Each structure stands twice: as structure tokens, then as C-alpha cells.
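To get this note's numbering, take the position in the sequence shown, counting from 1, and add 49.
All residues carry an ideal CB built from backbone N, CA and C; glycine is no exception.
In this text the structure is predicted, and so the values were computed from the model without any measurement.
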Amino acid sequence: MRKILFILLVATLIGGCTFFRKPAVVTPPPAVPPKEAPPLAAVSASDLPRFQDDMDRASLARALRKSLGYYARLPERTPYRMGDRRVTARDMKESLETFLAIVESGASPAALEMRVKEDFDVYRASGSGPVGRVLFTGYYEPVLKGSLAKTDVYRYPIYRKPDDSIVVHLGKFREKYKNERLIGRLENGELVPYYSREEIDGAGALESRGLEIAWFADPVDLFFLHIQGSGMICLADGSCFQVSYAQSNGRAYRSIGKLLIDSGRVTREDLSMQSIKRTLRDRPEEVREILNHNESYVFFRTVSEGPVGSIGVALTGGRSIATDPAFFPRGALAFVKTRKPEIGPDGEIRSWASFSRFVLNQDAGGAITGPGRVDLFCGRGREAEIAAGHLKEEGELYFLVLKREARAKGR
């Protein structure tokens, strides 16, 4: 551990080293960069959206209870930030309890909307870029055929979290590194990056260590299981079990979709999960090279109920979202407005329709970074896969918390 601390200290000193100074040179002061907008800003009563929901209330109630379970495990004074307002886990919990009571009261859509506008403060996500863009994508839970033993057909494994991986939370050493972490391993007493995808799948860095959970026939399907972070595995005897994200190797996520566009294999207009899979299967000799472009690698665990999000609760199809926890409060009640694909019985997208709904912020993802990204969990099955694979729409993201005066009234 002393070695790790020494490495971090040296890196910090090198990054800010001022031992060798050149003679002073008079230069004009640099331009002051524009101040970034806060990730959430209060919405005035006149600018509130229409709080209309396109899904059933039973799914909303289930998702609300999952987040309530998360807040029940936290100290009541755990702090959160909603725009210029500081709130606690207790405030968040009471907000969800109040909203759940409204949902389960049988109130009409109009009455529910009125209560939300009367009793909740609403904050809009600033998004990213000069126009505050919020980009919505989707993910889903794949269902894959697998085997508990390696065979001539099932040759590609998923692994449990290795016991030699070391997680270093940098905020414990320097406040300015809060929410940042490293994942590595010790090599000759030195902390080095954990094995990359190429080292694990190509060079067999984790073979013969008893870490395999299951084996699969298709490396492309396996890669997308990593991307989704969870899945249902069905065996030859008809039994199935679920696996969910346990940890990554700490390497940066690199998009193979961007690689395919930059190399001319796929056009930007045609890019989707389905087109990426098709391109990979049409070029079997290039599959390993393309997949290794993304050095990020996911380790799994079996779960009794899933898929499980980053706050440790089971996700609800259509109701759970993933955002960057550095910007938005985990477990919180949110509201989204964007477009979704209308899918015909043949699996083809017939049209795109605007929709809005209440959701819960229950997950995170390696590619979901900054205040302008939202990943919507679309559920399980063929339709969810099609929707998630094509969803790439701009929209609006809001977060809600109970007003202080509503709390005081006990509403």
C-alpha cells in the first residue's frame, strides 16, 4: 500500500511541478473561460413541462419502491445537490414516499400532474454543448444461450471479478479527485493497469483460474453482453439464470461504433447496434481486432433478481435510467421527454413517436458521462433489443424533489 501511495504522490507532484522556472515574461492575461452552467437548474412555474406518462402505474410503483429501498440503506444526512438547493437522503426518501402515495391513490392523470406542480420543486438538466443537448440512448437485458462447461461450440467465457484487482478511490487521497478511481493490479510491488480486453480474451490472462461463470458460442453476442452489463443465460436443459455487472477492469470505454464509422465500414446514418452486429458477422477475420479496440472489460456476478443497477437494486424496464453520478443524484425521481421507435410485428421500425414519463435514476454506465447523457433501460426481449439498438434521440431531463413547504404540511 505504501508503494501505491508513493506512486500517487509522485504523479501529483509531477503534474503540478514548479521547481524549474523560466524568467518571467510579460504576456497578456488569458481570456477567462465561460463559466459552465450547473448540471441542474430550477424551473419556474411558467416553464414546467406537461407531466404526462405513457406507461402503466404498476411499473412506476415498482421502480419507486426499489429506490426507496436504496435510500433506506443510506444515512439520513447523506447530502445531495439539486441545483442551488442542498437536500439529504431523508428528503429524497420523503419525496419518493409522497410521490408513491399519489401514484397509488388512483388520482387521475390531471390530478397527478396538479399535485406534482403544487408539491415538487423541478430542476432541468443543463445538458452539454452550447445549446444544452441531452442525448438519450437505450440498453436492454439480452437473453443468450450458454453452457456451464467449455465445449467445441461454447468457447467464449464471461468471468467473475478477479481477486487480484485493486480499486483505488482517489478522493481518499486528494479532495480534487473526488468520484475518481483507478482499477489495477500489483506487479512486482507496483500498481499497474488491469489486463485489457486483448490480454484477457486474446492472450488468456485469466485462464485456468476458475473464474468462468458460463461459456458462449458467439464472441459478438458476448461483447454486447459486456456493453449491456447484464443478461439472462439459458442452458440446454431449459433452465436460466441472470448475471449482472460486478466490476470493470478500469480501462477507458472506447466506442467500436465510432471506429466503424471512422474506418468507413458503417455510415453515421446507418449506425445502430443491429448494423454493428451485422458488420462484425460479415467480417469474421476482423472481429477480434475490432472488439479489442474497446479495452474496457466487464466482470459479472450471478443475481437472483436482475438486472441490477449501480445503486444495487433491480432495474425496471422503461422506468430505470442510467446517468453520470458525478452530476445527478442516484436513486432520484426524474422525468424525461424524448422520442421512441414504434415497432411493427415484423421487427421493423414503422415510425418515431414523442413520449414522456416518470423514471428513476438507478444506474450508471462507462459511456454515460457528463450532464448531457441518459441511457434508458428498455427491458428484456426482442422488442427491447430493437428499441435500445436504435434509440439515439435528443430530449429533456428533469429531476424532482418535494418542496420544503409541502414537507412542512405533511402532504
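- In the structure shown, the three-state DSSP call for Arg223 is coil.
- Comparing alpha carbon positions, the residue from Arg234, Glu248, Ile249 closest to Pro242 is Arg234.
- Burial check for Ser369: the Cβ neighbour count within 10 Å reaches 16 or more, so the residue is buried.
- Phe185 sits in a strand when the DSSP states are folded into three classes.
- No residue range can be given for Gly380, since it is assigned to no alpha helix (DSSP H) and is classified by DSSP as neither H nor E.
- By the CB criterion at 8 Å, Tyr119 and Val362 fall inside the cutoff.
- For Arg379, the closest alpha carbon among the candidates Arg106, Ala413, Phe349, Glu391 is that of Ala413.
- The stretch 440 to 450 makes no contact with the stretch 106 to 117: fewer than 3 CB pairs, one atom from each, lie closer than 8 Å.
- Contact between the stretch 244 to 252 and the stretch 341 to 349 is present: 3 or more CB-CB pairs across the two stretches fall below 8 Å.
- Taking C-beta atoms as the reference points, Ala263 and Ile276 fail to come closer than 8 Å.
- A Cβ-Cβ separation of about 5 Å places Tyr205 in contact with Phe265 under the 8 Å criterion.
- A straight line joining the alpha-carbon of Leu231 with that of Val269 spans about 28 Å.
- For Asp412, the enclosing beta strand (DSSP E) has its first and last residue at 398 to 412.
- Counting along the chain, the unbroken alpha helix (DSSP H) around Lys142 starts and ends at 138 to 153.
- Residues of the same chain with a CB within less than 8 Å of the CB of Ala198, apart from the 5 flanking positions on each side, are Trp264 in chain order.
- The Cβ-Cβ distance between Gly287 and Gly366 does not fall below 8 Å.
- The secondary-structure analysis by DSSP pairs Thr387 across a beta bridge with Phe404.
- C-alpha of Pro211 to C-alpha of Arg135: approximately 39 Å in a straight line.
- A contact between stretches requires three or more CB pairs, one per stretch, nearer than 8 Å, and the stretch 313 to 322 fails this requirement with the stretch 377 to 394.
- Between the alpha carbons of Glu338 and Met131 lies a distance of about 43 Å.
- With respect to the C-alpha of Asp103, the residue from Ser405, Ile417, Arg431 having the closest C-alpha is Ser405.
- Rounded to the nearest angstrom, the Cβ distance from Asp133 to Ala91 is 7 Å, consistent with a contact under 8 Å.
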